[in-house]
Each structure stands twice: as structure tokens, then as C-alpha cells.
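> In this note's numbering, the protein residues as written are 3 to 246. Heads up, the beta-carbon is just placed ideally off N, CA and C, and yes, glycines get one too.
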Amino acid sequence: MTVNRPKALNALNPDVLKDLKDAFEAVDLETTRVIVLTGAGEKSFVAGADIAAMSQMTKEEGEAFGKFGNDIFRMIETFPIPVIVAVNGFALGGGNELAMSCDIRICSDNAVFGQPEAGLGITPGFGGTQRLARIVGVGKAKEMVYGARNIKAEEAYRIGLVNAVYPQAELMGAAMKLAGIIAGNAPIAVRNCKKAMNDGLDTDMDNAIVIEEKLFGACFETEDQQEAMKAFVEKRKVEAFHNR
Ligand code: CAA
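1. Return yes when the C-beta of E229 is under 8 Å from any heavy atom of ligand 2, and no when it is not.
2. Just curious, the alpha helix (DSSP H) that I137 is in, first and last residue?
3. With DSSP run on the structure shown, which of helix, strand or coil describes R160?
4. What are the uninterrupted segments assigned as alpha helix (DSSP H) that are 4 or more residues long and contained completely in the stretch 185 to 221, given in chain order?
5. Give a yes or no on whether the C-beta atoms belonging to V167 and E156 are separated by under 9 Å.
6. Report yes if the C-beta distance between A135 and F115 is below 9 Å; otherwise report no.
7. I think L39 touches V85, with their Cβ atoms under 8 Å apart; what is that distance to the nearest whole Å?
8. Can you determine whether any heavy atom of ligand 1 sits closer than 8 Å to the C-beta of M56, and answer yes or no?
9. Could you say which of L163, N15, T125 and R133 lies nearest to Y148 if we only look at CA atoms?
10. On the criterion of 16 or more Cβ atoms from any shown chain inside 10 Å, does S110 qualify as buried, or is it exposed?
11. Does S57 pass the burial test, meaning 16 or more other C-beta atoms within 10 Å, or should it be called exposed?
12. Is A171 buried or exposed, if buried means 16 or more other CB atoms sit within 10 Å of its CB?
13. Cβ of P169 within 8 Å of any heavy atom in ligand 1?
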């Protein structure tokens with residue numbers, strides 16, 4: 003899936019956000035195992051929410067725009083299958099927030115991350131005040147958000163904002179390879195892993211392990227679990243998983 007508005011560095015105006023929502027809603031979950039999200043061009047993943055569109059907003063319109071973006075990013079975060087983001091350049095403001103709503107972030111060596119909002123007179127509005135602290139820790143997140151300081155790919159890697167950095171030309175290949183590895187595992191198990199980790203992180207450990215137990219147990223009703231374990235016992239390889 004590609005955010006495709008390169009003339010404005012793929013900035014998120016309401017139309018682009020609506021397209022992103024429609025694209026996720028159109029995914030066929032029977033046949034799709036993993037989504038790879040990136041931005042068009044070699045310069046920018048997403049350079050933020052559209053500043054021109056926001057420049058005239060009232061308090062009510064700003065709040066509604068924040069909710070529009072937040073609802074879509076939450077849908078991506080909780081999407082049943084994994085979403086890998088290949089950050090191919092600027093990931094600023096809403097761009098960094100979009101990347102943070104994905105499961106796994108990798109980037110090109112020209113990528114730049116940041117939450118510049120405080121320099122524009124606003125707070126991050128699509129989850130940046132929440133997800134950045136959860137990913138890189140509160141102290142680093144506050145430094146980045148209060149200071150509106152952008153960071154380069156290597157620093158993003160060092161603080162755990164991305165899992166790996168690649169030369170631009172190798173980024174999509176690396177994303178597709180990772181997607182292929184995930185797609186090679188049992189689909190229902192992968193989905194249950196995502197749900198267990200996401201839901202568990204939103205609650206305390208006593209409830210989190212119960213969430214895991216239910217999703218672990220549910221796997222034992224699947225054909226894929228039965229076949230994979232039978233194959234192991236019989237010392238042969240599983241030919242294919244059937245999403246059942
Ligand atoms: N909104 C609207 N248009 C944008 C944009 C944005 N966030 N980012 C870039 N563009 C547009 C520019 O206006 C320019 O358009 P024109 O050619 O029509 O003038 C085009 O994209 C190319 O941009 P630049 O000429 O500025 O390119 P550059 O290489 O000189 O600079 C940049 C690149 C450093 C990313 C710079 O464009 C920039 O600072 N962009 C804004 C980044 C930003 O502040 N993002 C946060 C937005 S606030 C937000 O996202 C709120 C939220 O949490 C919901």
C-alpha cells in the first residue's frame with residue numbers, strides 16, 4: 003500500500019486519510035497475510051498532516067480532524083494482520099504517527115523522524131503524544147516532542163523507533179522479505195499473536211496473561227495447528243498453511 007501524493011511529500015489531507023481508510027477496509031482478509039505500507043517517491047514517507055489544510059481550522063474542526071486521523075490510525079494499529087511500514091524518507095508529524103501505528107518499522111538511510119508540531123503551535127494530533135512515549139520511552143519522547151527536534155535514521159534505530167535501516171534501494175526488498183517470512187507462518191496464529199501482544203500491552207499483567215491463554219487455546223481448534231504439530235511429530239515439513 004502506497005501513500006501517493008508525492009507533490010506534497012505525501013502529506014495527509016482529509017482526502018488522503020479517507021483513501022488510506024478505504025484501502026485498509028478493502029483488504030481481503032481471507033487471502034492477505036501482511037501489509038507493507040510505504041510512501042511514493044524517494045524523498046518522503048509522509049511529511050505530516052497537511053499544514054495548509056489545518057491553517058484555517060477552528061478549535062472544533064481541529065478536534066474533529068484529530069479524531070478522524072486517530073480513528074484511522076487506531077484501525078491500522080488493531081488491524082487483524084500485521085502491518086510493516088517501510089519508511090522511505092521524511093516521517094514527520096502525522097507521518098511518524100502513521101509509522102508508529104504499524105506493527106514493525108524499517109526505514110531507508112535517508113529517513114528523518116520527528117514531531118515538529120510544537121513549532122507549529124499545536125500538539126501532535128494523530129497519537130504522537132501517546133505512541134512515541136510507549137515506543138522509545140517517556141524521556142526521549144518528551145525531548146523530541148517539546149523540542150520539535152527531528153532525528154535521522156541511525157538515531158531512530160538506536161532509540162528503538164525502527165527495527166533496521168537499509169540503503170534506499172534495498173528497503174522495499176527487505177520489507178517484502180520480512181513480509182514473506184511472516185506470511186509463511188500459520189495465519190491464524192500470527193493474527194492471535196498480534197492480538198495478544200496489542201491487547202495485553204493495554205492492560206495489567208494478570209489480565210494480559212488471560213488474554214494470551216484464550217488466544218493460545220483458540221489455536222488448538224485450527225487445522226493449521228493440528229497439521230503443523232503432526233508434521234513435527236512425523237519429522238516432515240508442513241506443505242502449506244490453510245488459514246483454517
Ligand atoms: N503539509 C502540507 N504541505 C506540505 C507538507 C505538509 N506537512 N510538507 C511538505 N509539503 C509540501 C510543501 O508545501 C511543498 O509544496 P509546494 O511545492 O507546493 O510549495 C512540497 O510539499 C515540497 O516541500 P518543501 O519544498 O518544503 O521540501 P523541502 O525538501 O524543502 O523540505 C520538509 C522538506 C523538511 C519535510 C518540509 O516540507 C517540511 O518541513 N514539511 C512540514 C513537516 C511538518 O511540520 N510536519 C508536521 C505537520 S503537523 C502534523 O502532522 C499534525 C499532526 O500530528 C496531526
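Straight from the coordinates:
1. Among the ligands modelled here, namely ligand 1, ligand 2 does not occur.
2. Within the sequence shown, the letter at position 135 stands for residue 137. First-last of the alpha helix (DSSP H) with I137: G130 to V138.
3. Looking up residue 160 in the sequence shown gives position 158. Three-state DSSP puts R160 in a helix.
4. 189 to 203 and 207 to 221
5. Position 165 of the sequence shown, counting from 1, holds the residue named residue 167. Position 154 of the sequence shown, counting from 1, holds the residue named residue 156. In this structure, V167 sits near E156, with a CB-CB distance shorter than 9 Å.
6. Residue mapping note: residue 135 aligns to position 133 of the sequence shown, counting from 1. Residue mapping note: residue 115 aligns to position 113 of the sequence shown, counting from 1. Their beta carbons are not under 9 Å apart, which means A135 does not touch F115 by this criterion.
7. Position 37 of the sequence shown, counted from the start, is the residue given in the question as residue 39. Position 83 of the sequence shown, counted from the start, is the residue given in the question as residue 85. Confirmed, about 6 Å.
8. Counted from its first residue, the sequence shown places residue 56 at position 54. Yes, since a heavy atom of ligand 1 falls inside the 8 Å radius drawn around the Cβ of M56.
9. As a position in the sequence shown, residue 148 is number 146, starting the count at 1. Nearest C-alpha to Y148: T125.
10. Taking the first residue of the sequence shown as position 1, residue 110 is located at position 108. Answer is buried; the Cβ neighbour count reaches 16.
11. By one-based count along the sequence shown, residue 57 stands at place 55. S57 comes out exposed.
12. Counting from one through the sequence shown, the residue named residue 171 turns up at place 169. Under this definition A171 is an exposed residue.
13. Here residue 169 refers to the residue found at position 167 when the sequence shown is read from its first residue. Placement of the Cβ of P169 at a distance of 8 Å or more from every heavy atom of ligand 1 is found.
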